[in-house]
Amino acid sequence: MPDISNIQASAESANTLLANELLDIELPLEPGIDWASFLQTGLEIAFVLIILAGLVYFLRFSKLAKNGLLTTPFILRWQLFKLKRKLQDESHINLKTLPQERLNAFYFWNQSFQQFVTQRRTVIKEEQLKEMAELKELSEMMAFSGQIVSRETYFEALKEAQLLLNETVNSQLIIGCLVINFKRTITKESL
Numbered sequence: 571m572p573d574i575s576n577i578q579a580s581a582e583s584a585n586t587l588l589a590n591e592l593l594d595i596e597l598p599l600e601p602g603i604d605w606a607s608f609l610q611t612g613l614e615i616a617f618v619l620i621i622l623a624g625l626v627y628f629l630r631f632s633k634l635a636k637n638g639l640l641t642t643p644f645i646l647r648w649q650l651f652k653l654k655r656k657l658q659d660e661s662h663i664n665l666k667t668l669p670q671e672r673l674n675a676f677y678f679w680n681q682s683f684q685q686f687v688t689q690r691r692t693v694i695k696e697e698q699l700k701e702m703a704e705l706k707e708l709s710e711m712m713a714f715s716g717q718i719v720s721r722e723t724y725f726e727a728l729k730e731a732q733l734l735l736n737e738t739v740n741s742q743l744i745i746g747c748l749v750i751n752f753k754r755t756i757t758k759e760s761l
C-alpha cells in the first residue's frame with residue numbers, strides 16, 4: 571500500500587513547481603508605443619542604409635569601378651547568356667541560318683571580351699591568348715565574310731566563348747588584378 575505522506579509530498583512539490591512556472595509569466599505591455607523597440611528598429615534600418623550607401627559609393631567611385639574590374643565580368647556573362655537565349659528563341663528555331671544582326675552582336679560581344687582581357691594581359695596564360703585569337707578570327711569571319719553561317723556553327727562559337735570566358739574571367743583574374751593594382755599604388759606612393 572502506497573504511503574499517503576509520500577503522495578501528498580509529491581503533490582505539494584508539483585503544486586510548488588506549477589506555482590513557480592506561473593510566476594514566470596510576463597505581464598502584457600500596456601497599450602501605447604514602445605519607444606525603445608521603435609528606436610532600436612530605426613537604428614538598425616539606418617545602419618543597413620549607411621552600409622549600402624558606402625558600398626554604392628565604393629562601387630561607383632573606386633579605382634576598381636573605373637577600370638571595370640568589378641562589373642565587366644558580370645556584364646560579359648549576362649550578354650553571352652542573352653545571345654544564347656536569342657539563339658533558342660522560337661522565331662529562329664526553324665531557320666537553318668542566322669540573321670546578320672545576331673552575328674554582329676556576337677562580334678561586338680567578342681570585342682568587349684577581348685578588350686577586357688587584353689587590358690589584363692599579365693594575368694592571362696599564353697594558351698588562353700591563343701584561344702582568344704582563334705575566337706576573334708571566328709567572330710570576324712562570321713560577321714564580315716558574307717558567308718552563310720549555320721545555327722550549329724554559331725552555337726559552337728557561343729559554347730567556345732562560354733568556356734573561354736569561364737577560364738579567363740574568374741576569381742583568380744580579379745585577385746591577380748587587385749594585387750597588381752595594389753603593387754602599383756604602393757610603388758607610386760614610395761616614389
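Mapping to my numbering: the sequence shown position 113 is 683, numbers consecutive.
Using N, Cα and C, we set each Cβ at its ideal position, and we do this for glycine too.
- When only Cα atoms are considered, leucine 699 and serine 709 end up about 15 Å apart.
- Nearest in C-alpha terms to arginine 721, of all of Arg630, Gln670, Val626 and Gly602, is Gln670.
- Annotation note: the region 653-697 contains the following uninterrupted alpha helix (DSSP H) runs of length 4 or greater, listed N- to C-terminal: 660-663 and 670-688.
- DSSP, reduced to helix, strand and coil, places serine 720 within a strand of the structure shown.
- For glutamate 614, the uninterrupted alpha helix (DSSP H) segment begins and ends at 605-631.
- CA-to-CA, the gap between alanine 731 and isoleucine 745 works out to about 22 Å.
- The beta carbon of leucine 622 is closer than 8 Å to none in its chain, skipping five residues each way along the sequence.
- One Cα belongs to isoleucine 718, the other to isoleucine 750, and the distance between them is close to 44 Å.
- Each of Lys753, Asn736, Thr757 and Gln685 was checked against the Cα of tryptophan 648, and the nearest Cα belongs to Asn736.
- For the options Ile756, Tyr724 and Leu733, the alpha carbon positioned closest to that of arginine 655 is the one of Tyr724.
- Beta-carbon to beta-carbon, leucine 653 and phenylalanine 631 are separated by about 31 Å, too far to satisfy the 8 Å threshold.
- Of the residues assessed, arginine 754 falls on the exposed side of the cut-off, its CB having fewer than 16 other CB atoms within 10 angstroms.
- Taking the CA atoms as reference points, phenylalanine 752 sits about 10 Å from lysine 758.
- Across the set Leu733, Phe714 and Val739, the C-alpha of Val739 shows the shortest separation from the C-alpha of glutamine 685.
- Taking the Cα positions, leucine 609 is about 10 Å away from alanine 616.
- Isoleucine 645 has its alpha-carbon roughly 26 Å from the corresponding atom of isoleucine 620.
- Distances from the CA of proline 643 to each of Glu582, Asn680 and Gly716 were compared; the closest alpha carbon is that of Asn680.
- Residue environment: leucine 613 is assigned as exposed (fewer than 16 neighbouring CB atoms within 10 Å of its CB, all protein chains considered).
- With a cutoff of 8 Å on beta-carbon distance, leucine 734 and methionine 702 are scored as near each other.
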